[in-house]
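Residue numbers (my numbering): 59 to 179.
No residue lacks a Cβ here, since even glycine has one placed at the ideal position from N, Cα and C.
Okay, so here's the structure we're looking at.
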């Protein structure tokens with residue numbers, strides 16, 4: 059099980075890296091970012107620094123999450139795998155959409171979700 063968890067941690071890190079790199083290549087200005095919170099951070103810190111901060115924060119979360127997960131029972135570790143797979147899938151879909159310039163099934167739904175959330179604020 060530890061090998062499987064380490065592999066998924068690796069995939070989370072790689073897909074987050076691809077997400078960040080493709081975002082960095084795609085965006086020229088913070089107003090192009092659909093995530094309102096991240097767009098605000100980009101306006102304050104600049105696109106590059108905000109993307110780097112996002113990546114570093116994600117790596118910290120992954121490390122803490124996996125450290126805690128390795129302390130859990132085998133059942134809890136197995137139960138966490140679908141959520142981990144979903145995050146990997148979403149990050150890969152975002153990276154793909156950024157790289158191709160084409161929305162896909164996942165990114166279309168994310169965009170709609172962001173519009174609903176950020177219209178309230």
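*How would you label residue 143, buried or exposed, when you count the other beta carbons within 10 angstroms and need 16 or more for buried?*
When all chains shown are included, residue 143 counts as exposed.
*Does the separation of the CB atoms of residue 89 and residue 80 fall below 8 Å?*
no
_residue 84 and residue 116 closer than 8 Å at C-beta_ = no
_Host alpha helix (DSSP H) of residue 87 (start-end)_ = Residue 87 -> no alpha helix (DSSP H), and no H or E assigned at all.
_Test item: CB-CB of residue 120 and residue 159 under 8 Å_ = no
*asked:* On the DSSP letters alone, give me the boundaries of the alpha helix (DSSP H) that residue 106 sits inside.
replied: 105-128
_My assumption, with CB atoms under 8 Å, is that residue 94 sits in contact with residue 175. Please give the rounded CB distance._
With 8 Å as the limit, residue 94 and residue 175 qualify as a contact, their Cβ atoms being about 7 Å apart.
*Cβ atoms of residue 63 and residue 127: under 8 Å apart, would you say?*
yes
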